[in-house]
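*Asks:* The following block contains the structure, expressed as structure tokens.
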Amino acid sequence: MDQDVAEEARHQILEARDASEVKAVQAAAAERAVAVELNVSRVLATVKQAIEQKRKMYLRYKPDPDAKVEAYQVAPLDIKPGKTPATRANDYLWAYSYEREHVVSLRLGRVLGAELSEEAFDPTQLMPDWRNKEPEWNVMRDW
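Here it is in structure tokens:
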């Protein structure tokens, strides 16, 4: 189950007055977890297509449950799990952000929407230092 969904459910269960409220919270959390998984699957499919076609993307992203939604235009680079023990349970989109002018990592479960742009990107311009290296990609590509 998504960590945000689990944390929200845990909080609501602690405030529940009886067993029926606990069951209702559990059912709602299960439905929300399925919705998050379906959205992640759609986002992942769009990211893979964008990487394969070297196309920029538009994203709507919520950095945490209480934050405002942020908009990004990105060149997707890869999908990787987090690097620390606390973040390894989640997959992250690694992408070059045109607004921030550097690579960002965005938790897939917090991407609310992903749309392909008609605009292409040139990986050699985004990653000039990687030309002489053989990166270990998780998402297959021919570049």
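The opening residue of the sequence shown carries number 4 in this note's numbering; numbering runs sequentially from there.
All C-beta atoms, glycine included, are put in the ideal place defined by N, C-alpha and C.
Note that this is a predicted model, so its numbers are computed, not measured.
(1) Between the alpha carbons of Glu-24 and Arg-45, how many angstroms are there, rounded?
(2) For Ile-16, which beta-bridge partners are listed by DSSP?
(3) Would Leu-17 be called buried (16 or more neighbouring beta carbons within 10 Å of its own) or exposed?
(4) Comparing C-alpha positions only, which one of Lys-51, Ala-12, Ala-27 sits nearest to Ala-98?
(5) Return the bridge partner residues of Trp-97 from the DSSP annotation.
(6) For Glu-78 versus Leu-47, is the C-beta spacing smaller than 8 Å?
*Replies:* If we stick to the structure as given:
(1) 32 Å
(2) Paired residue(s): none; Ile-16 is not in a bridge.
(3) exposed
(4) Lys-51
(5) Asp-81, Ser-108
(6) Checking the sequence shown, residue 78 turns out to be Ala, not Glu. Contact: no.
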